[in-house]
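Residue numbers (my numbering): 50 to 188.
All remarks here apply to the structure that follows.
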């Protein structure tokens, strides 16, 4: 896997993935940015959230669950000192569908956290405390 990050101006960068997709990343004005994109650490958090949601959808699809929506809401805490690493992340999944079973969704969340989500497992191995919760909404 490859990526390229090019500085454009101030504290703004354009990051391009190996698959050819680009995103603007920027800092806040008080740090020389113009607030034109997410912060680098926000990108990391969003990447982890999408990684685990991706897994949950794959697991539930294989179980033939009728999922119509899946939202991962992430709440993170960072260290006060530099480096301001993540110390805790809570992920709350809102899974919407028809006739979803609680045990099935719970198992998907557990499998993602313990076996499949490379991003969250890497963060856990680096000392971040990650917790999960979920709710099911009938479509």
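A virtual CB, placed ideally from N, CA and C, is assigned to each residue, including glycine.
Taking only the alpha-carbon atoms, compute the straight-line gap between residue 79 and residue 136 and give it to the nearest angstrom.
If you take the alpha carbons of residue 79 and residue 136, they lie about 24 Å apart.
To which residues does DSSP link residue 124 through a beta bridge?
The beta-bridge partner set that DSSP reports for residue 124 consists of 139.
Quick check on DSSP: helix, strand or coil for residue 169?
The answer is helix: DSSP assigns residue 169 an H, G or I state.
Helix, strand or coil, according to DSSP, for residue 21 in the structure here?
Outside the shown range of the chain (50 to 188) lies residue 21, about which nothing can therefore be said.
Do the CB positions of residue 88 and residue 98 come within less than 8 Å of each other?
The answer is no: Cβ separation not under 8 Å.
State the Cα-Cα distance for the pair residue 174 and residue 62, rounded to the nearest angstrom.
Those two C-alpha atoms are separated by around 28 Å.
Identify, in the order they occur along the chain, each residue of the same chain with its Cβ nearer than 8 Å to the Cβ of residue 116, setting aside the five sequence neighbours on each side.
Annotation for residue 116: 106, 109, 110, 144, 145, 146 and 149 place their beta carbon closer than 8 Å to its own, counting only its chain and skipping 5 residues before and after.
Separation of residue 104 from residue 161, as counted between CA atoms:
A direct Cα-to-Cα measurement between residue 161 and residue 104 gives close to 6 Å.
Please state whether DSSP places residue 98 in a helix, a strand or coil.
Residue state, collapsed to three classes: helix.
For residue 158, the nearest candidate out of 185, 130 and 172 (CA to CA):
The shortest C-alpha separation from residue 158 is found at 185.
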